[in-house]
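Enquirer: Shown below is the structure under consideration.
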Amino acid sequence: MLLATVGRGLYKSGICRDRCFRLRFLSSSPLPLSLLSRQLYQTNARQPIEHFRKSKEKDVTISVTSKHEKRICAMENVEDIIKYLKMNSFEDISTYFIAINKCSKLKHPNAIDQIIQIVHDKDLPLDVIFCTTVLKYLGMLDRFNLQRDYFEQWFNKNENGLIPDYITFHTIINVYLKKNKLKQALYYFYKMIDDYNIIKPAVSICTNLLSICGRYRDLKNAELIWKKIKHDCDIKIDRILYNSMLNVYAKCGDTIKMMKLLNESDDINEITCTIIISGFLKANKIEEIFNFFDKKIPNLLAKKHPINLKDKKLMILKSIAHLKMLELLNDDQIQLLQFHHQQFLSIFENKLYPNISFKLTSVSTTDMNNLIESYVLLNKKSWMKSIGDIEKILFQESNYLHSFHYWTTDITNPSQLLLDLRFMSIKTSIFFLRYAMTCQRDKFKNGPVQVFCNKYNVANKIFEQELTKWKIPIRLENDRRNQSILCLNQEDVSLFFQTVPPRHDCLK
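Counted the way the working numbering counts, the sequence shown spans residues 708 to 1215.
Okay, structure coming up:
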């Protein structure tokens, strides 16, 4: 508390208004005494003796104020805080700052509004730090409208002669960036640029804004931000900024603009390449991915761009491209199916898990799903041909350390097994539904056939269509206890088991 009060007094007196001090003051952690002393000395190096003499003269005031602040910090009821502020005539704005901080921790935005009204009623002089901190807390408590009103009152109307600086805007914007609230962050970003054009945005702010624009597929605002970045001579557009904008185009599937921007960049690495490939995957332009690997990347390497071809994410995306090709090919395109499957296996065994042939290796659930799906897609003309390879992966490959599974138990009935398809792709899920009903039907001897899945409505429709293709069509029923569980009609299942022998094709 003492340090905060000292800092407040020194800022108001003009002793330490440098950026470093203000940034540290606005952070949640207080400055250590040694660091504060060093910072103050550096800021006022020409008059250290006079500075500390002035500080000493204010010790009595600081001591009295700190007692009030400690009392406020000990209060756990906002009504007591408001009453205490009204009953005492504090002249130092830092006391109200402490009260607002306490009410913020107690999650009472209305109390913050009351404290501000007390400050206004007492006609206390405001400073930018106080206003910035109040606006920050209002943002943290999701009181955007109230925050906006106070911003207008304090800064736009200029009644107090206050002018927001870049720290004010960056503090508020960062609150909304952390909360993934793009609309509110953009409101202050545009206000910073358009209404206060002397203020330049930090590269980190621009990067984070573009990142959230990509997450929400907001191409319009991303391009407006990018335009402002390009026209700001104070901002150096580096690899991170380029990648952030490329990521927006990739997430939106706009591969034409993505490639145009790529050609403008002179600093490209493997992260850039993964963004480009992700964009092609999003747009379902698989041939362009192989063209990028075969032609574009060699050209970039020839121009001395630092691209790590062994980057794991890059290899994962390339393997997914081959998996997508397996999905797109017709079941009679045997040679192409075999080619892309072999390419997928080569990446899996030589790039992603190079030690798996001779050493116990941990394999991610996603990669296990992709490996199994590659065999399913290879044998799309006759699904049962994939059973041997998939059984080998699951039950015979001793070096494959993984948590991939397709069975789980019912919480309410431990003896009841559920077919667990929650973490699988649609293709893999359909395979295991067929596999369980033809090769492991004995697992259902203790109860009905139940399927555990995510995205209930989507799964319900897909499995409903699948079960109509079987030699004995099976109806789906809803589980009353859990909407994530699909039940196969028991009469249909009994007829299916009687009609279709074990390990025989279930399809018509």
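Glycine included, every Cβ here is placed at the ideal spot set by N, Cα and C.
In this text, all values refer to a predicted model and were calculated from it rather than measured experimentally.
Run through the DSSP bridge pairs and tell me what Leu1125 is partnered with.
Expert: Thr1115
Enquirer: Going by the beta-carbon positions, is the gap between Leu1128 and Asp1117 smaller than 8 angstroms?
Expert: No. Outside cutoff.
Enquirer: Along the chain, where does the alpha helix (DSSP H) containing Leu889 start, and where does it finish?
Expert: That run of the alpha helix (DSSP H) goes 889 to 897.
Enquirer: By how many angstroms is the C-alpha of Ser1105 removed from the C-alpha of Gly1154?
Expert: The alpha-carbon atoms of Gly1154 and Ser1105 are separated by roughly 32 angstroms.
Enquirer: According to DSSP, is Asn808 part of a helix, a strand, or is it coil?
Expert: Look at Asn808 here: in three-state DSSP terms it is helix.
Enquirer: Mind checking whether Leu1030 and Glu994 have CB atoms under 8 angstroms apart?
Expert: no
Enquirer: Under the assumption that Ala957 contacts Ser985 (Cβ atoms under 8 angstroms), give the Cβ distance between them as a whole number of angstroms.
Expert: 5 angstroms
Enquirer: Kindly indicate which three-state DSSP category Val1158 falls into: helix, strand or coil?
Expert: strand
Enquirer: Quick check: the Cα distance between Ser1071 and His1109, rounded to an integer number of angstroms?
Expert: Whole-angstrom Cα-Cα distance: 6 angstroms.
Enquirer: Does the stretch 896 to 914 come close enough to the stretch 941 to 948 to have 3 or more Cβ pairs within less than 8 angstroms?
Expert: Contact between the stretch 896 to 914 and the stretch 941 to 948 is present, with at least three C-beta pairs closer than 8 angstroms.
Enquirer: Do the stretch 920 to 928 and the stretch 881 to 895 make contact, defined as three or more Cβ pairs closer than 8 angstroms?
Expert: Yes: the two stretches touch, three or more of their Cβ pairs being nearer than 8 angstroms.
Enquirer: Whole angstroms are fine: how far does the CA of Val1156 sit from the CA of Val1200?
Expert: 8 angstroms
Enquirer: Indicate the three-state DSSP secondary structure (helix, strand or coil) for Asn1057 in the structure shown.
Expert: helix
Enquirer: Within its chain, find whatever has a CB closer than 6 angstroms to the CB of Met1091; leave out the 5 residues flanking it on each side and keep chain order.
Expert: Asp1212
Enquirer: Within 10 Å of its beta-carbon, does Ser811 have 16 or more other beta-carbons around it, so buried, or fewer, so exposed?
Expert: buried
Enquirer: Please report the straight-line C-alpha distance between Ile1014 and Asn976, rounded to a whole angstrom.
Expert: 4 angstroms
Enquirer: Between Lys790 and Glu859, what straight-line distance do the alpha-carbon atoms span, to the nearest angstrom?
Expert: 28 angstroms
Enquirer: For Thr1135, which option in Ile1094, Thr1175, Lys885 has the closest C-alpha, if you only look at C-alpha atoms?
Expert: Ile1094
Enquirer: Can you tell me whether Cys980 is helix, strand or coil according to DSSP?
Expert: helix
Enquirer: As a quick exercise: from Leu1140, Tyr1060, Leu1067, Thr1119, pick the residue whose alpha carbon is nearest that of Val1083.
Expert: Leu1140
Enquirer: Mapping DSSP to helix, strand and coil, what is Glu1184?
Expert: strand
Enquirer: Looking only at DSSP bridge pairs, what is Leu1214 linked to?
Expert: Trp1177
Enquirer: Can you tell me whether Cys913 is helix, strand or coil according to DSSP?
Expert: helix
Enquirer: Is the separation between the beta-carbon of Leu853 and that of Ile800 shorter than 8 angstroms?
Expert: no
Enquirer: So what's Ile1027 in DSSP terms, helix, strand or just coil?
Expert: helix
Enquirer: How about Ile900 and Lys935: do their beta carbons lie closer than 8 angstroms?
Expert: yes
Enquirer: Where DSSP assigns a beta bridge to Ser801, which residues make up the other side?
Expert: None; Ser801 has no bridge partner.
Enquirer: With a 10 Å radius around its C-beta and 16 neighbouring C-beta atoms as the bar for buried, classify His1112 as buried or exposed.
Expert: exposed
Enquirer: Report yes or no: do the stretch 1053 to 1073 and the stretch 1173 to 1191 share at least 3 C-beta pairs separated by less than 8 angstroms?
Expert: no
Enquirer: What residue range does the beta strand (DSSP E) around Cys1194 cover?
Expert: Looking at the DSSP string, the run of the beta strand (DSSP E) that includes Cys1194 is 1192 to 1195.
Enquirer: Considering just the uninterrupted stretch of the alpha helix (DSSP H) at Cys940, what are its terminal residues?
Expert: Per DSSP, Cys940 belongs to no alpha helix (DSSP H) and is neither H nor E.
Enquirer: Tell me which same chain residues have a C-beta within less than 6 angstroms of the C-beta of His775, skipping the five on either side of it?
Expert: Around His775: Thr802.
Enquirer: Whose CA, out of Lys1025, Lys1020, His1047, lies closest to the CA of Leu1033?
Expert: It is His1047.
Enquirer: With a 10 Å radius around its C-beta and 16 neighbouring C-beta atoms as the bar for buried, classify Gly846 as buried or exposed.
Expert: buried
Enquirer: Going along the chain, which residues of its own chain have a beta-carbon closer than 6 angstroms to the beta-carbon of Ile1192, five neighbours each way excluded?
Expert: Gln1157, Phe1159, Asp1186
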